[in-house]
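Colleague: According to the numbering used here, the sequence shown is numbered sequentially starting from 1.
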Amino acid sequence: MSEPRKRLRAEFRKNRSQRRRRKDWSDAIAADEGDELLSSQRVGKDELSRKRTVHGEMIADAAGEKIVLDVDPRACLRGRVLSIHGIAHFVAAEDGVVYRSAVRRILKTLQGDQRHAVAVGDHVLLRPAPGSDPPEAFIERVEPRHGCICREIRGRQQVLVANVDQVAVVASADEPPLKPNLIDRLLVSAEKGRVRPFVCINKIDLVDPAELMPLIGVYARMGCEAIACSATTGAGLARLRALLTGRETVMAGQSGVGKSSLINAIDPSLSLKTGAVVRDTLKGRHTTTAARLLPLSGGGFVVDTPGIRQFQLWDFVPMEVCALFRDLRPYVSLCRFPDCTHTHEEACAVKGAVADGRLDQRRYESYCHMIAEEEEPS
1 MSEPRKRLRA
11 EFRKNRSQRR
21 RRKDWSDAIA
31 ADEGDELLSS
41 QRVGKDELSR
51 KRTVHGEMIA
61 DAAGEKIVLD
71 VDPRACLRGR
81 VLSIHGIAHF
91 VAAEDGVVYR
101 SAVRRILKTL
111 QGDQRHAVAV
121 GDHVLLRPAP
131 GSDPPEAFIE
141 RVEPRHGCIC
151 REIRGRQQVL
161 VANVDQVAVV
171 ASADEPPLKP
181 NLIDRLLVSA
191 EKGRVRPFVC
201 INKIDLVDPA
211 ELMPLIGVYA
221 RMGCEAIACS
231 ATTGAGLARL
241 RALLTGRETV
251 MAGQSGVGKS
261 SLINAIDPSL
271 SLKTGAVVRD
281 TLKGRHTTTA
291 ARLLPLSGGG
301 FVVDTPGIRQ
311 FQLWDFVPME
321 VCALFRDLRP
331 YVSLCRFPDC
341 THTHEEACAV
351 KGAVADGRLD
361 QRRYESYCHM
371 IAEEEEPS
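1) Spatial neighbours of valine 350 within its chain, please: C-beta separation below 6 Å, excluding the five flanking residues on both sides.
2) DSSP on histidine 369, reduced to helix/strand/coil?
3) In whole angstroms, give me the CA-to-CA distance for cysteine 76 and proline 180.
4) In whole angstroms, give me the CA-to-CA distance for arginine 100 and glutamate 65.
5) In angstroms, rounded to a whole number, what distance separates the CA positions of leucine 262 and arginine 326?
6) What is the DSSP secondary structure of leucine 48, reduced to helix, strand or coil?
7) What does the alpha-carbon distance come out to for the pair asparagine 175 and valine 97?
8) Residues bridged to alanine 102 by DSSP?
9) For the region 180-191 and the region 305-324, state whether three or more C-beta atom pairs, one from each stretch, are separated by less than 8 Å.
10) For the region 272-328, list the beta strand (DSSP E) runs that are entirely contained and at least 3 residues long, ordered along the chain.
11) Exposed or buried, which one is tyrosine 367 when buried takes at least 16 other CB atoms within 10 Å?
12) Which two residues bound the contiguous alpha helix (DSSP H) that contains valine 218?
13) How would you write the range of the alpha helix (DSSP H) that leucine 240 sits in, first residue to last?
14) With distances taken between CB atoms, is the gap from glycine 258 to alanine 231 smaller than 7 Å?
15) Taking all protein chains shown into account, decide if threonine 53 is buried (16 or more other Cβ within 10 angstroms of its Cβ) or exposed.
16) Is it true that the CB of leucine 82 sits closer than 7 Å to the CB of leucine 293?
17) Under the three-state reduction of DSSP, which class applies to alanine 63: helix, strand or coil?
18) Can you name, in chain order, every residue of its own chain whose Cβ lies under 6 Å from the Cβ of aspartate 360, other than the five neighbours on each side?
19) Tell me the residue span of the alpha helix (DSSP H) that contains leucine 186.
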């Protein structure tokens, strides 16, 4: 006898219920004028409760809590999401076929903080549509995730990529100018998502490489590997190739830093589209418009992502930010006050380490900026 399926009461988004025609205009005007409402307003049940019973279980993965629906695996194929273009999700199934897939409505309408139900890199169960040419399918379930890079957009969570081993935080020495604070934000997000990070500074042929050594030394001292390379001259590409081979890596960074150019230099067979920066502003052109999971000829996968101009941290408590800074973390337990924020308190070990030169001043200022941003009321 098969085990009984688990039943859960799940919340759905507000836009699932149909919009009702408004009939309380006179009461709204009376309320604005300060008159007491004389009649009661009835509200439909669907306006008060948006819960339904679904079959599945609540799990907690790298992206947070979510409901994993119970589906029949015998009628589905397992696959990996390669890219997403609007409502079209391209999934490589275990039979070797790439399906153009749509997401089930129940997955999209389940209440949650995520902006999209499916992300590039997700392992999914999909049900092929019989007789479709080209092959089409429906995504029935998203499997639990690990190794996610997430950010906040308009109060909701956006999963940039899921199920990766490491993140290459790509920056450029020049054109566009180097942004160390953006590097710090991506490193913190990687620590939060339990993804191994390393820093890759491209376009070193445009500057004197000696100017980058202090910054590279800061990341090296805290145990984060930093590579200075050039997709044009080939400097440092051998080390980058060794780090990418056999692993699943996401390339993340601002527009124009050369993420696609570095991937082309590592594996020329991919022939990714690239573009030059805008000379007037020295900013990228968003040549890569959607994240794509790409197999490397030497083994492993790499995810090429669109450029990031702003990176808002998702689901961060100010008290935990310091623990996600590798170089600040050893000093946290040495502070006088257990709830020290390391910004204004006396007898703060973190501030003392900065004053003594044991911690980098710029990294500490980057931490203070994140704390101030997280403490602002939303």
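Idealized CB from N, CA, C, for every residue including glycine. Here the structure is a predicted model, which is why all the values come from computation and not from measurement.
Modeller: Let me spell this out:
1) The residue given as residue 350 occupies position 350 in the sequence shown. For valine 350, where only same-chain residues beyond five positions count, the Cβ hits under 6 Å are Leu328, Tyr331, His342.
2) In the sequence shown, counting from the first residue as 1, residue 369 sits at position 369. It is helical.
3) The residue labelled residue 76 in the question sits at position 76 within the sequence shown. The residue labelled residue 180 in the question sits at position 180 within the sequence shown. When rounded, the distance between both Cα atoms is 45 Å.
4) As a first step, residue 100 is located in the sequence shown; it is residue number 100 there, counting from the start. As a first step, residue 65 is located in the sequence shown; it is residue number 65 there, counting from the start. So the alpha carbons of these two residues sit roughly 27 Å apart.
5) Taking the first residue of the sequence shown as position 1, residue 262 is located at position 262. Taking the first residue of the sequence shown as position 1, residue 326 is located at position 326. So the two alpha carbons sit approximately 27 Å from each other.
6) Working through the sequence shown from its first residue, we reach residue 48 at position 48. Interpretation of leucine 48 is limited by its pLDDT of 44, a score under 50 that renders its predicted location unreliable; the figure taken from the coordinates is listed afterwards. If DSSP states are grouped into helix, strand and coil, leucine 48 belongs with the helices.
7) Taking the first residue of the sequence shown as position 1, residue 175 is located at position 175. Taking the first residue of the sequence shown as position 1, residue 97 is located at position 97. Per the sequence shown, the amino acid found at residue 175 is glutamate instead of asparagine. The straight-line gap from Cα to Cα measures roughly 40 Å.
8) Start at 1 with the first residue of the sequence shown, and residue 102 comes out as number 102. Its beta-bridge partners are Phe138.
9) Because the criterion of three Cβ pairs below 8 Å is met, the region 180-191 and the region 305-324 touch.
10) 292-295, 301-304
11) Here residue 367 corresponds to residue number 367 of the sequence shown, with the count starting at 1. It counts as buried.
12) Sequence index remark: in the sequence shown, residue 218 carries index 218 (1-based). In the DSSP assignment, valine 218 falls within the alpha helix (DSSP H) that extends over 213-221.
13) What you label residue 240 is simply residue 240 of the sequence shown in a count that begins at 1. Where leucine 240 is concerned, the enclosing alpha helix (DSSP H) stretches over 237-244.
14) By 1-based counting over the sequence shown, the position of residue 258 is 258. By 1-based counting over the sequence shown, the position of residue 231 is 231. It is a contact, given that the beta carbons lie within the stated cut-off.
15) Along the sequence shown, read from residue 1 onward, the residue named residue 53 stands at position 53. With fewer than 16 Cβ atoms within 10 Å of its Cβ, threonine 53 is classed as exposed.
16) Stepping through the sequence shown from its first residue, residue 293 is reached at position 293. Stepping through the sequence shown from its first residue, residue 82 is reached at position 82. Going by C-beta atoms, leucine 293 is nearer than 7 Å to leucine 82.
17) Residue numbering aside, residue 63 sits at position 63 when the sequence shown is read from its first letter. If DSSP states are grouped into helix, strand and coil, alanine 63 belongs with coil.
18) Residue 360 sits at position 360 when you count from the first residue of the sequence shown. Around aspartate 360: Val218.
19) Counted from its first residue, the sequence shown places residue 186 at position 186. 180-192 is the span of the alpha helix (DSSP H), which, as asked, contains leucine 186.
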